[in-house]
Each structure stands twice: as C-alpha cells, then as structure tokens.
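Residue numbers for the sequence shown follow numbering that gives the first Met the number 0, beginning at 0 and rising by one.
Step one of this worksheet: look at the structure below.
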Amino acid sequence: MALSPAARVLVALTVAAALTTALLRVGYAQGEPTEPSPAATTPLSVRAVLTDSAALTPTQMVTAAAPAAILHTVQVGETLGAIVKQYNVTVAAVVEANKIANPDILRVGQVLVIPGEDGVVGALPVEADPRLPSQIIAASPISSSLIVSRLTAAGQSAPITSPYYKTTWLTYYGRPNVPVMGILGEMGVVSLTAELKEKARVLDAVNGSNLRVKPAFHLVHGMATVTPTEEGDYLEYLDDATVMQYITAGLKENIAVILDVQVGNVSVSEAISPVLKYLKYPNVHLAVDPEFAMSHPNQAVPGNPIGFVTGEQINEAMDTVEQYMTENQIRGRRIFLVHQFFDEMIIDKDALRWASSQLELTFCADGWGDPWGKITKYNNFFAESDAVKYTAFKMFYRWDVPVLTDAQSMGVEPFNENLGVQVTPNMIIYQ
Numbered sequence: 000m001a002l003s004p005a006a007r008v009l010v011a012l013t014v015a016a017a018l019t020t021a022l023l024r025v026g027y028a029q030g031e032p033t034e035p036s037p038a039a040t041t042p043l044s045v046r047a048v049l050t051d052s053a054a055l056t057p058t059q060m061v062t063a064a065a066p067a068a069i070l071h072t073v074q075v076g077e078t079l080g081a082i083v084k085q086y087n088v089t090v091a092a093v094v095e096a097n098k099i100a101n102p103d104i105l106r107v108g109q110v111l112v113i114p115g116e117d118g119v120v121g122a123l124p125v126e127a128d129p130r131l132p133s134q135i136i137a138a139s140p141i142s143s144s145l146i147v148s149r150l151t152a153a154g155q156s157a158p159i160t161s162p163y164y165k166t167t168w169l170t171y172y173g174r175p176n177v178p179v180m181g182i183l184g185e186m187g188v189v190s191l192t193a194e195l196k197e198k199a200r201v202l203d204a205v206n207g208s209n210l211r212v213k214p215a216f217h218l219v220h221g222m223a224t225v226t227p228t229e230e231g232d233y234l235e236y237l238d239d240a241t242v243m244q245y246i247t248a249g250l251k252e253n254i255a256v257i258l259d260v261q262v263g264n265v266s267v268s269e270a271i272s273p274v275l276k277y278l279k280y281p282n283v284h285l286a287v288d289p290e291f292a293m294s295h296p297n298q299a300v301p302g303n304p305i306g307f308v309t310g311e312q313i314n315e316a317m318d319t320v321e322q323y324m325t326e327n328q329i330r331g332r333r334i335f336l337v338h339q340f341f342d343e344m345i346i347d348k349d350a351l352r353w354a355s356s357q358l359e360l361t362f363c364a365d366g367w368g369d370p371w372g373k374i375t376k377y378n379n380f381f382a383e384s385d386a387v388k389y390t391a392f393k394m395f396y397r398w399d400v401p402v403l404t405d406a407q408s409m410g411v412e413p414f415n416e417n418l419g420v421q422v423t424p425n426m427i428i429y430q
C-alpha cells in the first residue's frame, strides 16, 4: 500500500513526536540516556579467538572445524556479493556457514560468519558482537525445565486451549511500508515471512525442549497522528487489503497476526472496535498502546505528554472484545496485549479483571535503551510472578545498545553477573 502525500506527512510528524518522547522510554535507566559507544556504531569485523575447547561453555562454542572465523556486521547498502569479495570467499560458503535461506536478503546489523577454507571453529571473545546468529551456537547450558519453572504461574499452567500453552511467542512489529517504525515495515510480506520463520527457528533452539515458538506478524493497525483525523480520534487505520495480506500469509504459513492500536483521542474500547472484524480469522490477536492516549486535560497532541489508561478502561475494552466474539460466535482464546514502559501508563492495576474464558491479558515491558535499563524495568514490572498472568519483552533493533541476545532476553543467560531477566517472557517482540 503506497501512502498518500498527506499520510506520509502524518507518518513523519508522528515519528518525530514519538522520537521526541522516546527519550522518556529510556527512563528505564535512571539519569540521562546513554550514547551509543563507537564500537556499537562502527562496522564490526572481529577475528574469533581460539581457546581450549574444554574451557568453553556451550554458548561460547562455535561448531564446525577450522582454525579461525571472522564475524562481519552487515552495513547499509551491502550485498552478499560485495561482502564475500572483501574476504575472498564464495557466496556458497557464507550461505552454508550462516544457513541463509535467501542470499538476496540481508538485514542491516545482521552478523555473518565468514568461514575459512575448512569451515568455522573457535570461541567468541567477550567483546564480540552479541548478535552472532544463534543458529551456529550450541545449546544453552540452562535446562528447559528451569526455563519453564521461571514462567509466571499462569504461564506454567496455561491450558491446552491457551495461545501460551507450552509456547513462547515471537513477533516482528511495525507499520507496513514505514521502515522507521519497525522491522515489519522494512520488507514485503514474502521476505518478512522467511526472516520471521528463521528467527523463530533460532529462538526455538534457545527456548528449550518444553516450549515451542509461535511466530507472529505484529502490525501497528491504528497509528496515532499529530493532526486531527476526520473522525477526531487522531488515529489512522490500515486499509483492509493491507491487513488481509498478512492475515492470508499467516494462515498459509502458520503465523499469527497481532493488530496493535495506539489509543488516540478515544476510549480504549472505541480505539479497538475497528479491528474486531478481523477476529473471525483464527490467527488474529489484539494489542493496545496507551502511550498515545490523549488522557490529560487539554492535551493537544498524542504522546505529549505520555498517555495512560486505567484498569477499568482495559476491562471495558476486554468486555467489548468478548461481547463481539460471543455475538459473532467466534471461538478460540486470543491474546489481548497492553504496552507499558512507565508504571503510570496503567492506572489502578488492582482493578484489572484477569479472569476471562476468551482473552489472555498480557503486559509488555516496552521501551528502548541499554541492557541495565531494559532488564531492570522488566524485572520491576514482573518479578512477582503473580503480579501479571503473561509477560512480553520488547527489543529494538535500531535503538537498543546493544540488542540483547535471544538467550539474554529469555533469561537463559544473564547479561552479566549482576543482571539478568528473572521471569521467562511469554512473548518476545522485535521492532
């Protein structure tokens, strides 16, 4: 779907407003946000350090057999052909070493192993880029039973009818055709499908044998704008044809779809109502983002100041969804996700109605920043496993410095000896 000139202006203004307030998201950490280090913003080409294999932990071991390997981080505009020419290796060798499904698709920031003549071997130094593709890393030393035991109480006992039954969700988030809003908007449906399924396979290797991974397209369906829409809700919704591209692809590829709505100048129930019709498709789930709710008196622009919703408003929205599902005889339990990066974004959580035969209320620790801020905020929200039923943790490819590894985001590995995720997330979201 091509955006109209007016819509492009709205997107630009919305993104500008979001980035203006995004520094508040780094309010994960106390004090001023940390600037990216030079190492995090310059091309990476690190030679792996050979170490006695007996001294290595499983996550340090790199499989295959050769004297050394080089890691290369993909930069803007680079192609696989240009990269292999730089290192005097073949495309086939790099494709095989990295298990690349489509050599025509590379993502900025993706780390490639450049093999030697006899393959790949070695151990990553501590300072090496943590985004080494997990498909070339051996199994985690943490047992899968421990991963499950660190889920919330609801996550551990999720019934077979629940979307979370023995399942970790993985979503790629964004607005179609708007790259700056997330990875989903950076590529078409076909390429995104391949990328998402590969990432799900990689996460599944970290996830343990007792949990499978469910991939999902995560669409910003109702996008907040800084100028009033005709309806006065400050929300621009996706057209039906665009949404159906993802729903149809998802049904074909066993991928779920989460339709996300930024609340705007209406109630949560009103904001979510335009997307209810898609619940007739069994792979569709819902999410709301209070950040752009125009909750404050005389507020003129969504997101400034940061919005909030109440527990009762969330309950009312869930009632609206449940009533619609009942009236239209829609079966199957669905996820109802709420974003949050400040405590103040959800007022009166004690009023929340957790019991539902149709919806799985889930809270997401949103926001970008450094690992200390992100992990600390996640733990503060969810360390008490009875505080929420299901949890989600959001990663930002463009803004997190550095991006947590799959093992770190799942709590399989600590970030360092003093910092680690305490509650296994039910969902990992990548923007």
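We put the CB at the ideal spot given by N, CA and C, even for glycine.
Residue pairing from DSSP leaves Trp353 without any beta-bridge partner. By the criterion of a C-beta distance shorter than 6 Å, Gly310 is surrounded in its chain by Asp347, Lys348, Ala350 and Leu351, once the five residues flanking it on both sides are discounted. Taking Ser268 as the centre and dropping the five residues before and after it, the same chain places the C-beta of Glu315, Ala316 and Thr319 closer than 6 Å to its C-beta, in chain order. Within a 10 Å sphere around the beta-carbon of Pro281 sit fewer than 16 other beta-carbons, which makes this residue exposed. A contact between stretches requires three or more CB pairs, one per stretch, nearer than 8 Å, and the region 191-206 fails this requirement with the region 227-239.
By the CB criterion at 8 Å, Gly306 and Pro289 fall inside the cutoff. The C-beta separation of Leu258 from Val274 comes to about 5 Å, placing the pair in contact by the 8 Å criterion. The Cβ atoms of Leu150 and Val112 lie no closer than 8 Å to each other. In the same chain as Asp203, and ignoring 5 residues on each side of it, the C-beta atoms closer than 6 Å to its own belong to Val212, in chain order. Rounded to whole angstroms, the Cβ separation of Asn425 and Gly154 is 5 Å, and the two are in contact under 8 Å. DSSP places Val205 in the uninterrupted alpha helix (DSSP H) bounded by Val188 to Asn206. In the displayed model, Tyr389 falls within a strand according to three-state DSSP. Classified as buried, Pro175 has 16 or more neighbouring CB atoms from the shown chains inside 10 Å of its CB.
Here Tyr245 has Pro175, Val188, Phe216, Leu218 and Val256 as same chain residues with Cβ atoms under 8 Å from its own Cβ, once five neighbours each way along the sequence are excluded. For Glu321 against Leu358, the beta-carbon gap comes to about 6 Å, under 8 Å, which counts as contact. By the Cβ neighbour-count rule, Pro158 is exposed, with fewer than 16 other Cβ atoms within 10 Å of its own. With contacts defined by Cβ atoms closer than 8 Å, Phe291 and Ala364 do not form a contacting pair. When secondary structure is reduced to three states using DSSP, Glu359 falls in the strand class. Between Val201 and Asp405 a beta carbon distance of about 6 Å is seen, short of the 8 Å cut, so the two are scored as contacting. Of Phe335, Leu285, Ile334 and Met394, the smallest CA-CA separation from Tyr171 is found for Met394. Going by DSSP, Tyr236 is part of the beta strand (DSSP E) stretching over Leu234 to Tyr236. Between Gln109 and Thr72, the alpha-carbon positions lie close to 6 Å from each other. With respect to Ala391, Leu336 sits close: the two C-beta atoms are nearer than 8 Å. With respect to the 8 Å criterion, Val205 and Val422 are not classified as neighbours on the basis of their beta carbons. Our two residues, Gln312 and His284, have alpha carbons roughly 19 Å apart in a direct line.
Here Arg106 is exposed. Its C-beta has fewer than 16 other C-beta atoms within 10 Å. For Gly419 against Ile374, the beta-carbon gap comes to about 7 Å, under 8 Å, which counts as contact.
For the pair His338 and Val287, the Cα-to-Cα distance works out to about 7 Å. The beta carbons of Tyr429 and Tyr377 sit no closer together than 8 Å.
Of the residues assessed, Gly331 falls on the exposed side of the cut-off, its CB having fewer than 16 other CB atoms within 10 angstroms. Around Glu343, the same chain offers Phe307 as residues with beta carbons nearer than 7 Å, after the five sequence neighbours per side are excluded. If you draw a straight line from the Cα of Pro178 to the Cα of Gly184, it is about 4 Å long. Out of Thr361, Ser355, Trp398 and Val387, the CA that lies nearest to the CA of Gly368 is found in Trp398. Each residue's CA atom was taken as its position, placing Val94 and Tyr389 some 37 Å apart.
DSSP, read as helix, strand or coil, puts Thr325 in helix.
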